Structures are given as structure tokens and as C-alpha cells.
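K.L.:
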Amino acid sequence: MNKKNIFIKSTIILILGGIVTKILGFIIRIVYTRIVGPEVIGLYSLVMPTYSLLITIATLALPTTISKLIAENKHNNLKIISTSTILIMFINFIVVIFMLISAKFIANNLLHEKRCYLLIISMALTFPIISISSIIKGYFYGKQNMVPNVVSNVIEQIIRGLLIYLFVPIIMEKSKILAACSLFLFNFAEEVVSIFINLLFLPKHIKIKKSDLKPNKYTLKNILSISLPTVSSRIIGNIGYFFEPIILKNLLLFSGYSNNYILVEYGAYNAYTITILTVPSFFITAISSALIPEISKHYLEKKYKLLMKRLKEALFFSLAIGITYSGLLMLFGKQILNAIYNTNLGLTYIKILAPIFPLFYIESILMSFLQAINKASTTMRITIIGVLIKLVVLAITSLSHIGLFSLIISEIVNIFIVVFLNIYYVRKYTKKL
Numbered sequence: 000m001n002k003k004n005i006f007i008k009s010t011i012i013l014i015l016g017g018i019v020t021k022i023l024g025f026i027i028r029i030v031y032t033r034i035v036g037p038e039v040i041g042l043y044s045l046v047m048p049t050y051s052l053l054i055t056i057a058t059l060a061l062p063t064t065i066s067k068l069i070a071e072n073k074h075n076n077l078k079i080i081s082t083s084t085i086l087i088m089f090i091n092f093i094v095v096i097f098m099l100i101s102a103k104f105i106a107n108n109l110l111h112e113k114r115c116y117l118l119i120i121s122m123a124l125t126f127p128i129i130s131i132s133s134i135i136k137g138y139f140y141g142k143q144n145m146v147p148n149v150v151s152n153v154i155e156q157i158i159r160g161l162l163i164y165l166f167v168p169i170i171m172e173k174s175k176i177l178a179a180c181s182l183f184l185f186n187f188a189e190e191v192v193s194i195f196i197n198l199l200f201l202p203k204h205i206k207i208k209k210s211d212l213k214p215n216k217y218t219l220k221n222i223l224s225i226s227l228p229t230v231s232s233r234i235i236g237n238i239g240y241f242f243e244p245i246i247l248k249n250l251l252l253f254s255g256y257s258n259n260y261i262l263v264e265y266g267a268y269n270a271y272t273i274t275i276l277t278v279p280s281f282f283i284t285a286i287s288s289a290l291i292p293e294i295s296k297h298y299l300e301k302k303y304k305l306l307m308k309r310l311k312e313a314l315f316f317s318l319a320i321g322i323t324y325s326g327l328l329m330l331f332g333k334q335i336l337n338a339i340y341n342t343n344l345g346l347t348y349i350k351i352l353a354p355i356f357p358l359f360y361i362e363s364i365l366m367s368f369l370q371a372i373n374k375a376s377t378t379m380r381i382t383i384i385g386v387l388i389k390l391v392v393l394a395i396t397s398l399s400h401i402g403l404f405s406l407i408i409s410e411i412v413n414i415f416i417v418v419f420l421n422i423y424y425v426r427k428y429t430k431k432l
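Those letters in the sequence shown? Residues 0 to 432, per numbering that gives the first Met the number 0, in order.
#1: Shortest alpha-carbon distance to A313 belongs to which of A179, R159 and I286?
#2: With contact counted as at least three CB pairs below 8 Å, one residue from each stretch, are the stretch 73-83 and the stretch 125-142 in contact?
#3: Let me know the secondary structure DSSP gives G41 once reduced to three states.
#4: Is G255 helix, strand or coil by DSSP?
#5: Do P48 and Y265 count as a contact pair if the criterion is CB distance below 7 Å?
#6: Tell me the rounded alpha-carbon separation between L358 and L276.
#7: Could you confirm whether any beta carbon from chain B is found closer than 7 Å to the beta carbon of N259?
#8: Determine the burial state of Q334: buried for a count of at least 16 other Cβ atoms within 10 Å of its Cβ, exposed for fewer.
#9: Would DSSP call K430 helix, strand or coil?
#10: Exposed or buried, F368, counting other C-beta atoms within 10 Å across all chains shown (16 or more means buried)?
#11: With 16 as the cutoff for other CB atoms within 10 Å, does N190 come out buried or exposed?
#12: Taking buried to mean at least 16 other C-beta atoms within 10 Å of its own C-beta, is L118 buried or exposed?
#13: Report yes if the CB atom of S51 is closer than 7 Å to the CB atom of N269, and no otherwise.
#14: Quick one: residues in its chain with C-beta nearer than 6 Å to the C-beta of Y116, no 5 flanking neighbours on either side, listed in chain order?
#15: Just to confirm my understanding: we take I294, look at its own chain, exclude 5 residues before and 5 after, and list those with CB closer than 8 Å. What are they?
#16: In angstroms, rounded to a whole number, what distance separates the CA positions of V167 and V94?
#17: If distances are taken between C-alpha atoms only, which option among T84, P292 and Y348 comes closest to I131?
#18: Thinking C-alpha only, which one of M329, L219, N108 and K220 is nearest I245?
#19: Mind checking T32: buried by the 16 CB within 10 Å criterion, or exposed?
#20: Quick one: Cα of T323 to Cα of F315, how far?
#21: Is the beta carbon of T63 closer than 7 Å to that of T229?
#22: Between which two residues does the alpha helix (DSSP H) carrying T342 extend?
#23: Please report how far the alpha carbon of M329 lies from the alpha carbon of E300, in whole angstroms.
#24: DSSP on N421, reduced to helix/strand/coil?
#25: Measure the C-alpha to C-alpha separation of N258 and Y164 and round it to an integer number of angstroms.
#26: Per DSSP, what kind of secondary structure is V51 in: helix, strand or coil?
#27: Looking at L110 and L45, is the spacing between their C-beta atoms short of 7 Å?
#28: With a CB to CB cut of under 7 Å and the five nearest residues on each side skipped, what residues in its chain are close to T20?
#29: As a quick exercise: from F404, L365 and I364, pick the residue whose alpha carbon is nearest that of G345.
#30: Going by DSSP in three states, L403 sits in which element: helix, strand or coil?
#31: Should E112 go down as buried or exposed, given a rule of 16 or more other Cβ atoms within 10 Å for buried?
#32: Less than 7 Å separating the beta-carbons of I196 and V146?
#33: Quick test of your reading: I222 and L290, contact by CB under 8 Å. State the CB separation rounded to the nearest angstrom.
#34: Report the residue from I407, T58 and A338 whose alpha carbon sits nearest the alpha carbon of I29.
#35: Return the residue from the list L161, R380 and L182 that minimises the CA-CA distance to L42.
Structure representation (C-alpha cells):
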């Protein structure tokens with residue numbers, strides 16, 4: 000099979016798997032949202048930025064890093080896996096200890112919601128197993144074998160749905176907080192199953208020697224040289240996301256808005272608005288995941304014309320999907336929101352953001368391209384600029400008595416800034432190829 004067919008096949012497999020996973024995830028989210036109600040969703044939304052920040056640190060961007068290293072065939076694959084595993088377990092140990100110590104402070108002093116304490120503890124306990132799972136997934140992405148990840152993702156969603164349907168109603172009768180915690184704790188069971196399924200797809204002829212299991216300094220250096228700039232960029236983005244509810248809630252409270260208003264509106268924004276707007280994200284993620292190993296190989300082999308062709312194809316498909324979907328939301332947003340969640344909460348935010356989101360969809364394509372041509376440090380600079388501008392705009396507008404529209408405005412500004420800078424640097428670097 001030629002390289003073009005591998006790229007197309009990988010993308011199609013990921014998209015088809017993404018469609019199934021997204022449909023299952025949507026059904027699960029509808030069921031969960033209707034069972035627990037807006038208050039629990041609001042609590043869950045408050046801690047999600049903390050979760051996103053810490054899981055980024057805990058996984059160290061290893062799926063992307065391992066995918067790139069294995070695609071380039073620079074190292075023994077077992078050396079990459081064993082070195083990555085030891086590194087990630089050490090980082091997870093530090094992250095989990097930190098969370099156990101600081102959970103109460105974050106809940107009480109930053110989020111101003113003591114009920115978030117147990118949610119933060121619950122999320123911390125899932126980090127090690129998620130990190131191990133991410134290493135295995137990165138291996139298969141690097142091999143451009145997308146079937147194991149697609150199969151495991153689908154089965155993960157099925158297990159998640161069953162656990163929520165069977166146990167969350169029972170838990171809700173006892174405690175709303177435990178119901179919110181359950182969604183994090185269910186991740187543990189899902190990832191265990193995911194690891195087991197992925198292991199079944201490993202080549203049977205692999206012979207593991209003791210020397211393969213020892214960490215290698217050269218491999219470690221290469222892992223860190225790719226993962227640190229990549230994860231730094233993501234950490235910075237997630238730091239912005241982490242401070243988002245903190246700045247928003249504190250300044251809106253200062254401006255006279257009630258705690259209940261903030262909890263309900265912010266919950267609606269995350270549970271309904273963003274969920275509806277990012278439906279095509281599985282297409283974009285599929286394209287990005289298939290793009291990184293493909294671009295890495297072409298860049299290493301100096302096949303620049305093919306490299307540019309893949310980038311243009313990825314951008315074309317992403318824009319076509321984004322524009323089509325945004326058009327549907329502008330025309331039928333109310334009907335879609337009602338059909339899925341039986342509510343109109345978040346509809347106004349959808350109408351405002353829908354025309355902007357086609358740009359958001361190409362953001363990850365451009366960043367993946369820059370990472371694949373060894374410009375992860377550039378994506379980090381772009382992210383820093385975007386986050387700083389977003390937080391400044393959020394702080395100023397939150398004091399302007401426009402409610403949650405302050406968050407909408409800061410989101411729009413961030414999308415424009417980040418996409419513009421990505422396009423600028425992609426053009427700058429590709430001119431030299």
C-alpha cells in the first residue's frame with residue numbers, strides 16, 4: 000500500500016471510529032445530564048479546567064511524542080515504550096501527591112466551592128492509568144495502525160454508558176457530589192479495558208529482552224526534546240483554561256452576580272454550548288492524528304511537495320466540515336439543542352460562536368503541522384500569546400456587567416489571535432522548504 004493510501008486509510012478509520020464514539024458519547028452525555036441536572040453539571044464544569052491542566056502534565060504529550068518517534072524509526076520501539084513508562088510514572092507520582100495535598104485549597108480558595116474537594120481527589124486517582132493508556136495509543140498512532148485505538152475507544156464509551164446508566168441514578172439518591180465524582184472514577188475502569196484491548200493488537204512475534212526494559216538516556220533525551228515544548232504549549236493553554244472559571248467567578252461575584260447564576264450559566268456553556276459546537280472535533284482529531292506521523296516522515300525524507308499536499312488536504316477537509324456544520328447550527332441551532340438536551344440554555348452563545356468556529360477547527364491542524372516539522376516551541380509561543388490576551392480580555396469584560404458574554408468575547412478574541420499566528424508561522428516556515 001502506498002503512503003497516500005496509508006494516510007487516507009488511517010484518516011478514514013479514525014473518522015468512522017470517531018463518528019461511532021461521538022454518537023455514543025453524545026447519548027451518554029444526554030443521559031448523564033438528564034440524570035444529574037444543571038447543578039451537578041455546573042460543579043463538574045468548575046473542576047474540568049483543573050482536570051485538563053493536570054492530565055496534560057500527567058500524560059506529558061506522550062501520544063504525540065511516541066507517535067512521532069516511532070514513525071521516524073529512530074529508536075528501538077521497546078526502548079521508547081519502556082523509557083516513556085518509567086518517566087510518566089514518576090511524573091504521575093508527583094502530580095497525584097500534589098493534588099492530594101492541594102485539593103482543599105483549590106476547592107475552597109480558588110473555586111470558592113468546597114463541594115469540589117472530592118471531585119478533585121477523584122480525578123487525581125485516575126491519572127496514572129490514563130497515562131499508561133496514552134503511551135500504548137501513541138505507539139499505534141506511530142505505526143499508523145488506527146484500528147486498535149478505534150476499537151478501544153468504542154468499547155470505552157460502551158462501558159462508560161453502562162456504568163452511568165446502571166449506577167449514577169442510584170448514586171444520585173445518596174449524594175450529588177458522589178454522582179459528579181463517579182464520572183471521573185468510571186474513567187479508571189474504562190482505561191483498564193482500553194489497555195487490555197490495545198495489548199491484544201500488539202504483534203505476537205515481539206521478543207522482549209531485559210535490556211529493552213531499561214530506560215535509555217538517549218531515548219529519554221529525544222522524548223523530552225519533543226514532549227517538553229509540546230506539553231509546555233498545552234500546559235500554558237490549560238493554565239489559561241484553569242484560571243478561566245477562577246477569574247470569571249470571582250469578578251462576576253464582585254460585579255454583583257449571584258453564585259447560582261454563575262454556576263448555571265457556566266454549566267450551560269460547558270455542557271451545552273461547547274459540546275454542541277465541538278461535535279466535528281472528532282473529524283479534526285482524526286485528521287490531526289493521521290497527519291503528525293505522515294508529516295514527520297515526509298519532513299525527515301525531505302519530500303516537501305508531498306508534505307505541503309497533505310497539509311492542504313487536511314485544511315480543506317477541516318474547513319469544509321467546519322463551515323457546513325456551523326451553517327447548520329446557525330439555521331437549526333434551536334432544534335438541535337432541543338432535540339439533544341431538551342433545553343434552550345446556551346442557545347444564544349451557540350448563535351454567536353457558530354460563525355467563528357470554522358477557524359477553531361483548523362487550529363489543531365496547523366499546530367499539528369508545526370509540531371511535526373519540529374516547531375513545537377513556536378506553538379508554545381502562540382499559545383502563550385493567545386492565553387494572555389484571552390485572560391486579559393476576560394478580566395476586563397467580566398467587570399463590564401455583561402454576564403457570561405465576557406467569556407464569549409474572550410473566546411472569540413483568542414480564536415482569531417491563535418489562528419492568525421499559526422497561519423503566519425506555517426507560511427513563514429514553509430517558504431524555506
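All C-beta atoms in this analysis are idealised placements derived from N, C-alpha and C, irrespective of residue type, glycine included.
These numbers come from a predicted model, not from an experiment.
P.N.:
Taking the geometry as given:
#1: Locating residue 313 in the sequence shown gives position 314, where the first residue counts as 1. Taking only the C-alpha atoms, the option nearest A313 is I286.
#2: The stretch 73-83 makes contact with the stretch 125-142; the number of CB pairs closer than 8 Å reaches 3 or more.
#3: The sequence position of residue 41 within the sequence shown is 42, counting from 1. Looking at G41 - three-state DSSP - the assignment turns out to be helix.
#4: Against the sequence shown, residue 255 aligns to sequence position 256. Under the three-state reduction of DSSP, G255 is assigned to coil, being neither helix nor strand.
#5: The count along the sequence shown starts at 1 and reaches residue 265 at position 266. The count along the sequence shown starts at 1 and reaches residue 48 at position 49. Contact flag unset, no.
#6: The sequence position of residue 358 within the sequence shown is 359, counting from 1. The sequence position of residue 276 within the sequence shown is 277, counting from 1. Note on geometry: alpha-carbon atoms of L358 and L276 lie some 12 Å from one another.
#7: Any reference to chain B falls outside this structure, which holds one protein chain only.
#8: Your numbering for residue 334 matches position 335 in the sequence shown. It counts as exposed.
#9: Position 431 of the sequence shown, counted from the first residue, corresponds to residue 430. Three-state DSSP puts K430 in coil, outside helix and strand.
#10: By 1-based counting over the sequence shown, the position of residue 368 is 369. With 16 or more other Cβ atoms within 10 Å, it is buried.
#11: In the sequence shown, the residue the question calls residue 190 occupies position 191. Note that residue 190 is Glu in the sequence shown, not Asn. Classification for E190: buried.
#12: Residue 118 sits at position 119 when you count from the first residue of the sequence shown. With 16 or more Cβ atoms within 10 Å of its Cβ, L118 is classed as buried.
#13: On the sequence shown, position 52 is the one that residue 51 refers to. On the sequence shown, position 270 is the one that residue 269 refers to. The Cβ-Cβ distance between S51 and N269 does not fall below 7 Å.
#14: To locate residue 116, count along the sequence shown from 1; it is residue 117. Excluding residues within five positions, the ones whose Cβ falls inside 6 Å are A102, K103 and A106.
#15: Within the sequence shown, the letter at position 295 stands for residue 294. Once the five neighbours on either side are set aside, the close Cβ partners of I294 are L306, R309, L310, S367, F368, A371 and I372.
#16: Counted from its first residue, the sequence shown places residue 167 at position 168. Counted from its first residue, the sequence shown places residue 94 at position 95. Straight-line Cα distance between these residues: approximately 28 Å.
#17: Locating residue 131 in the sequence shown gives position 132, where the first residue counts as 1. Of T84, P292 and Y348, the residue nearest in Cα terms is T84.
#18: For the purposes of this step, residue 245 is taken as the residue at position 246 of the sequence shown. Comparing alpha-carbon positions, the option among M329, L219, N108 and K220 lying closest to I245 turns out to be N108.
#19: Sequence index remark: in the sequence shown, residue 32 carries index 33 (1-based). Classification of T32: buried, given that the 10 Å Cβ count is 16 or more.
#20: Counted from its first residue, the sequence shown places residue 323 at position 324. Counted from its first residue, the sequence shown places residue 315 at position 316. In a straight line, the C-alpha of T323 is about 12 Å away from that of F315.
#21: Here residue 229 is taken as the residue at index 230 of the sequence shown, counted from 1. Here residue 63 is taken as the residue at index 64 of the sequence shown, counted from 1. Yes, the pair counts as a contact, with Cβ atoms nearer than the cut-off.
#22: Translated into positions along the sequence shown, residue 342 becomes position 343. Careful: T342 lies outside any alpha helix (DSSP H) and carries neither H nor E.
#23: On the sequence shown, residue 329 is found 330 positions in, with the first residue counted as 1. On the sequence shown, residue 300 is found 301 positions in, with the first residue counted as 1. When rounded, the distance between both Cα atoms is 44 Å.
#24: Sequence index remark: in the sequence shown, residue 421 carries index 422 (1-based). Note: N421 maps to helix in three-state DSSP.
#25: If you number the sequence shown from 1, residue 258 lands on position 259. If you number the sequence shown from 1, residue 164 lands on position 165. Cα to Cα, the separation comes out at about 30 Å.
#26: Start at 1 with the first residue of the sequence shown, and residue 51 comes out as number 52. Checking the displayed sequence, the identity of residue 51 turns out to be Ser instead of Val. Helix, per DSSP.
#27: As a position in the sequence shown, residue 45 is number 46, starting the count at 1. As a position in the sequence shown, residue 110 is number 111, starting the count at 1. For the 7 Å CB-CB criterion, L45 and L110 form a contact.
#28: Working through the sequence shown from its first residue, we reach residue 20 at position 21. For T20, where only same-chain residues beyond five positions count, the Cβ hits under 7 Å are N152, V153, Q156 and F281.
#29: Translated into the one-based positions of the sequence shown, residue 345 becomes position 346. Measuring from the Cα of G345, the nearest candidate turns out to be F404.
#30: Looking up residue 403 in the sequence shown gives position 404. L403: coil per DSSP, three-state reduction.
#31: Residue 112 sits at position 113 when you count from the first residue of the sequence shown. Buried: at least 16 other Cβ atoms inside 10 Å.
#32: Counting from one through the sequence shown, the residue named residue 196 turns up at place 197. Counting from one through the sequence shown, the residue named residue 146 turns up at place 147. Going by beta carbons, I196 and V146 fall outside the 7 Å limit.
#33: For the purposes of this step, residue 222 is taken as residue 223 along the sequence shown, with counting starting at 1. For the purposes of this step, residue 290 is taken as residue 291 along the sequence shown, with counting starting at 1. Contact doesn't hold; Cβ gap of about 20 Å is too wide.
#34: Numbered from its first residue, the sequence shown carries residue 29 at position 30. Nearest to I29 by alpha-carbon distance, out of I407, T58 and A338, is A338.
#35: The sequence position of residue 42 within the sequence shown is 43, counting from 1. With distances taken between Cα atoms, L42 lies closest to L182.
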